[in-house]
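Participant:
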Amino acid sequence: MFVQQFFVPGLAHSSYLLACAKSCAIIDPRRDVGIYLDAARERGVRITHVLETHLHADFVSGHMDLAAATGAVIVAPKAGKSAFPHQAVAQGDTFRIEGMKLSVLEVPGHTPEHIAYVVTDTVRGDEPVAVFCGDALFVGDVGRPDLFPGLAAKLASQLYDSLHKRLMKLPDGCMVYPAHGAGSLCGRSMGAMRTSTIGYERRFNAALQIRDRRAFIASLTTNMPPAPDHFSRCSAINGKGPTRLDRLPEMLPLAPAAFAAQAGRRTTVVLDIRSYAEFGGLHVPGAVHLDIAGNFATFAGWVLPPGRDILLVASDAGQATLARDWLRRVGLDRVTGYLEGGLVAWAKAGLPTGRVAQWSAEQLQARLGASGGEPLQLVDVRSPHEYGANHIKGAINIPAPQLRTAWTELDPKRPTALICSTGNRSSLGCSLLARQGFRDLYNVAGGMTGYSAAGFSGECPLCITPHGPRFLGGGK
Numbered sequence: 110m111f112v113q114q115f116f117v118p119g120l121a122h123s124s125y126l127l128a129c130a131k132s133c134a135i136i137d138p139r140r141d142v143g144i145y146l147d148a149a150r151e152r153g154v155r156i157t158h159v160l161e162t163h164l165h166a167d168f169v170s171g172h173m174d175l176a177a178a179t180g181a182v183i184v185a186p187k188a189g190k191s192a193f194p195h196q197a198v199a200q201g202d203t204f205r206i207e208g209m210k211l212s213v214l215e216v217p218g219h220t221p222e223h224i225a226y227v228v229t230d231t232v233r234g235d236e237p238v239a240v241f242c243g244d245a246l247f248v249g250d251v252g253r254p255d256l257f258p259g260l261a262a263k264l265a266s267q268l269y270d271s272l273h274k275r276l277m278k279l280p281d282g283c284m285v286y287p288a289h290g291a292g293s294l295c296g297r298s299m300g301a302m303r304t305s306t307i308g309y310e311r312r313f314n315a316a317l318q319i320r321d322r323r324a325f326i327a328s329l330t331t332n333m334p335p336a337p338d339h340f341s342r343c344s345a346i347n348g349k350g351p352t353r354l355d356r357l358p359e360m361l362p363l364a365p366a367a368f369a370a371q372a373g374r375r376t377t378v379v380l381d382i383r384s385y386a387e388f389g390g391l392h393v394p395g396a397v398h399l400d401i402a403g404n405f406a407t408f409a410g411w412v413l414p415p416g417r418d419i420l421l422v423a424s425d426a427g428q429a430t431l432a433r434d435w436l437r438r439v440g441l442d443r444v445t446g447y448l449e450g451g452l453v454a455w456a457k458a459g460l461p462t463g464r465v466a467q468w469s470a471e472q473l474q475a476r477l478g479a480s481g482g483e484p485l486q487l488v489d490v491r492s493p494h495e496y497g498a499n500h501i502k503g504a505i506n507i508p509a510p511q512l513r514t515a516w517t518e519l520d521p522k523r524p525t526a527l528i529c530s531t532g533n534r535s536s537l538g539c540s541l542l543a544r545q546g547f548r549d550l551y552n553v554a555g556g557m558t559g560y561s562a563a564g565f566s567g568e569c570p571l572c573i574t575p576h577g578p579r580f581l582g583g584g585k
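One gets our numbering by counting positions in the sequence shown from 1 and adding 109 to each.
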């Protein structure tokens, strides 16, 4: 028995190759599956099974592409009622891959149809040695149960049973292989390690220390980070069966004139993936900005409208290709072109450009202390949790994705500065506000990190008492 983990940092997603001598299974695969084909080839094994633990919400799975490329059988939860051809399994079902016996545990809670695969290496003995638990159990955390409106308490109660009556019945030495690690929004406080054991989680997982059911439910249904909008969309795509990558539109290099013509269509959105400094210096008017070096895929899935054609502005063709692959991982399939020659070619063609002023921490502080003139509108686009820990007095908290609709709570005629932790999310926010007619915009370069490094402190560390407009933009 051999296990190889594949980790995608931007999504904090873990998938696995589980192999015997000649055959292997791929568990919870990412959408671009070449990495699994290469790994199986290097190990000299054939991919015979693709195992899904649940209908993933934060990414589009690669089960359809893997099955098409290898002829492997897709195994998926019976309760998921997936529309694609698959072997539907439920509690108590077993199947074999050479000397490995895989037993199915139904572990609903994160999602209603969730299952886990318990592996026994029968060549070594009769005791389970590993469990591939998807998003039911993480290192130091458990799956969030609040992704289905109106079902959070019910799913949290089911998760309590799934953990204590099923997963925690496995032996302490059983390896735990979850589908996500620290940084994923499928949980709240995952540990830095990417694998664990049942014994370690039994002893140290904070959620498992809450033995009272009602207290457990309360803990998992309060103060959860907001779920990105694309979670429900990706889940539906995975249940239907994603379109194979070889059937998606080709991304073409577009000369400035052709790019401008397509960008002018109502069915098209322009996405600038360069750094916030580059975007601020010169960009295509109306472009949404998301730095590919940031938490790109999650925010792209969150803020970009589905079903639109996407045109990319990148530093080069390689960066555009990387972004296209990331966008496909969150179900944004219509990436049809990128600006050939970048902004240099665009400017040489005499086409209009936009700019966003970049303020240093010193410039922001000077403006906050200035008297006279139009009052500054300071918007903190971090999460409420980040904002609540430390922020600048008077800053309005509207998380960046919510600015798509909550911009109406701001005055577009006033000078407006946006701040986050580094400058990336605030630049996204500036691009969203610019699309709504805000003109006097300032992005705080370096964000609160730079603000603190410059010797300034948030005037309200660990603030409890509200002052002025605090939390706005309550909807997603």
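Even for Gly, the Cβ is constructed at its ideal location relative to N, Cα and C.
Since the model is a prediction, treat every value here as computed from it, not as a measurement.
Does DSSP classify GLY538 as helix, strand or coil?
Facilitator: Along the sequence shown, one-based indexing puts residue 538 at 429. In the structure shown, GLY538 sits in a helix (DSSP, three-state: H, G or I).
Participant: Using alpha carbons as the reference points, say which of GLY348, ILE401, ILE183, LEU413 lies closest to THR377.
Facilitator: As a position in the sequence shown, residue 377 is number 268, starting the count at 1. Among GLY348, ILE401, ILE183, LEU413, the Cα nearest to that of THR377 belongs to LEU413.
Participant: Report the residue from GLY416, ARG375, ALA402, VAL422 whose alpha carbon sits nearest the alpha carbon of LEU391.
Facilitator: Sequence index remark: in the sequence shown, residue 391 carries index 282 (1-based). Minimum Cα distance to LEU391 is reached at VAL422.
Participant: Looking at the ligand NAP, does it come within less than 6 Å of SER124, judged from the CB to the closest heavy atom?
Facilitator: Ligands are entirely absent from the displayed structure, and the ligand NAP is therefore not among its contents.
Participant: Here's the rule I'm using: 16 or more other beta-carbon atoms within 10 Å means buried, otherwise exposed. How should ASP244 be labelled?
Facilitator: Stepping through the sequence shown from its first residue, residue 244 is reached at position 135. Flag for ASP244 reads buried.
Participant: Decide if GLY180 is buried, meaning its Cβ has at least 16 other Cβ atoms within 10 Å, or exposed.
Facilitator: Residue mapping note: residue 180 aligns to position 71 of the sequence shown, counting from 1. Classification for GLY180: exposed.
Participant: Going by beta carbon distance, what residues of the same chain come within less than 6 Å of GLY577, once the five residues before and after it are set aside?
Facilitator: Working through the sequence shown from its first residue, we reach residue 577 at position 468. Note that GLY577 scores 39 on pLDDT, short of 50, meaning its location in the model is unreliable and no value can be drawn from it.
Participant: So, for SER530: in the same chain, excluding its five sequence neighbours on each side, which residues have a beta-carbon less than 8 Å away from its beta-carbon?
Facilitator: By one-based count along the sequence shown, residue 530 stands at place 421. Closer than 8 Å at Cβ, skipping near neighbours: ARG491, GLU495, GLY556, MET557, THR558.
Participant: According to DSSP, is ASN347 helix, strand or coil?
Facilitator: Residue mapping note: residue 347 aligns to position 238 of the sequence shown, counting from 1. Note: ASN347 maps to helix in three-state DSSP.
Participant: By a C-beta neighbour count over all protein chains shown, 10 Å radius and 16 as the cutoff for buried, is SER480 buried or exposed?
Facilitator: Within the sequence shown, residue 480 is the residue found at index 371, counting from 1. Classification of SER480: exposed, given that the 10 Å Cβ count is below 16.
Participant: Can you grab the Cα-Cα spacing for the pair GLN371 / ALA458, in whole Å?
Facilitator: As a working note, residue 371 is residue 262 in the sequence shown. As a working note, residue 458 is residue 349 in the sequence shown. Going by the C-alpha atoms only, they are around 16 Å apart.
Participant: Could you give the first and the last residue of the continuous beta strand (DSSP E) run that contains ALA386?
Facilitator: As a first step, residue 386 must be located in the sequence shown, where it is residue number 277. Here ALA386 belongs to no beta strand (DSSP E); instead the alpha helix (DSSP H) covers 385-390.
Participant: Are the CB atoms of PRO524 and GLU471 nearer to each other than 7 Å?
Facilitator: The residue labelled residue 524 in the question sits at position 415 within the sequence shown. The residue labelled residue 471 in the question sits at position 362 within the sequence shown. Taking 7 Å as the Cβ cut-off, PRO524 and GLU471 do not qualify as a contacting pair.
Participant: Below 8 Å, can you find three or more Cβ-Cβ pairs linking the region 240-255 to the region 213-231?
Facilitator: Yes, they touch.
Participant: Measure the beta-carbon distance from HIS395 to ARG534 and round it to whole angstroms, keeping in mind my assumption that it falls under 8 Å.
Facilitator: As a first step, residue 395 must be located in the sequence shown, where it is residue number 286. As a first step, residue 534 must be located in the sequence shown, where it is residue number 425. In the sequence as displayed, the identity of residue 395 is Gly instead of His. Actually they do not touch by this definition, with Cβ atoms about 19 Å apart.
Participant: If we count Cβ pairs, one from each stretch, closer than 8 Å, do we get three or more for the region 342-350 versus the region 166-181?
Facilitator: Output reads yes: the region 166-181 touches the region 342-350.
Participant: Can you give, in chain order, each stretch of the beta strand (DSSP E) that sits fully within the region 152-197 and has at least 3 residues?
Facilitator: Counting only runs of 3 or more, we get 155-160, 182-186.
Participant: Starting from ARG433, follow the alpha helix (DSSP H) in both directions and report where the run begins and ends.
Facilitator: In the sequence shown, counting from the first residue as 1, residue 433 sits at position 324. ARG433 -> alpha helix (DSSP H) spans 426-438.
Participant: On a CA-only basis, which of LYS522, ALA367, TRP468 is nearest ASN552? Give me that one, please.
Facilitator: Along the sequence shown, read from residue 1 onward, the residue named residue 552 stands at position 443. Closest option to ASN552, Cα to Cα, is TRP468.
Participant: With a 10 Å radius around its C-beta and 16 neighbouring C-beta atoms as the bar for buried, classify VAL232 as buried or exposed.
Facilitator: Locating residue 232 in the sequence shown gives position 123, where the first residue counts as 1. Looking at its Cβ environment, which holds fewer than 16 other Cβ atoms inside 10 Å, VAL232 is exposed.
Participant: Tell me the DSSP secondary structure of LEU487 in three-state form.
Facilitator: Walking along the sequence shown from the start, residue 487 turns up at place 378. Here LEU487 sits in strand by DSSP.
Participant: So, with DSSP's three-state summary, where would you put ALA367?
Facilitator: Walking along the sequence shown from the start, residue 367 turns up at place 258. ALA367: helix per DSSP, three-state reduction.
Participant: Check for me: the beta strand (DSSP E) holding PHE547 runs from which residue to which?
Facilitator: Position 438 of the sequence shown holds residue 547. Run containing PHE547: none; DSSP gives neither H nor E here.
Participant: If you draw a straight line from the C-alpha of ALA178 to the C-alpha of LEU436, how long is it?
Facilitator: Position 69 of the sequence shown holds residue 178. Position 327 of the sequence shown holds residue 436. Their backbone Cα atoms lie some 22 Å apart in a straight line.
Participant: Could you check whether ARG155 and SER132 sit closer than 7 Å to each other, using their CB atoms as the reference points?
Facilitator: Locating residue 132 in the sequence shown gives position 23, where the first residue counts as 1. Locating residue 155 in the sequence shown gives position 46, where the first residue counts as 1. For SER132 and ARG155, yes; Cβs fall inside 7 Å.
Participant: At which residues does the alpha helix (DSSP H) containing PRO493 begin and terminate?
Facilitator: On the sequence shown, position 384 is the one that residue 493 refers to. Unbroken alpha helix (DSSP H) run through PRO493: 493-498.
Participant: What three-state label does DSSP hand PHE116 in the structure shown?
Facilitator: As a working mapping, residue 116 is identified with position 7 in the sequence shown. Looking at PHE116 - three-state DSSP - the assignment turns out to be strand.
Participant: Beta strand (DSSP E) containing ALA239: first to last residue?
Facilitator: To locate residue 239, count along the sequence shown from 1; it is residue 130. 239-243 is the span of the beta strand (DSSP E), which, as asked, contains ALA239.
Participant: My guess is that ILE183 and ALA134 are in contact by the Cβ rule of under 8 Å, so how many angstroms apart are they, rounded?
Facilitator: Here residue 183 refers to the residue found at position 74 of the sequence shown. Here residue 134 refers to the residue found at position 25 of the sequence shown. The Cβ separation is near 10 Å, so there is no contact.
Participant: Kindly indicate which residue of ASP321, GLY308, CYS295 has the alpha-carbon position closest to the one of MET333.
Facilitator: As a first step, residue 333 is located in the sequence shown; it is residue number 224 there, counting from the start. Per the Cα distances, CYS295.
Participant: Determine the burial state of SER536: buried for a count of at least 16 other Cβ atoms within 10 Å of its Cβ, exposed for fewer.
Facilitator: As a first step, residue 536 must be located in the sequence shown, where it is residue number 427. Counting Cβ neighbours within 10 Å, SER536 comes out buried, since at least 16 surround it.
Participant: To the nearest angstrom, report how far apart GLN318 and GLY451 are at their CA atoms.
Facilitator: In the sequence shown, counting from the first residue as 1, residue 318 sits at position 209. In the sequence shown, counting from the first residue as 1, residue 451 sits at position 342. Each residue's Cα considered, the two are about 54 Å apart.
Participant: Roughly how many angstroms lie between the CA atoms of PHE547 and VAL393, to the nearest whole one?
Facilitator: As a position in the sequence shown, residue 547 is number 438, starting the count at 1. As a position in the sequence shown, residue 393 is number 284, starting the count at 1. Taking the straight line joining both Cα atoms gives about 16 Å.
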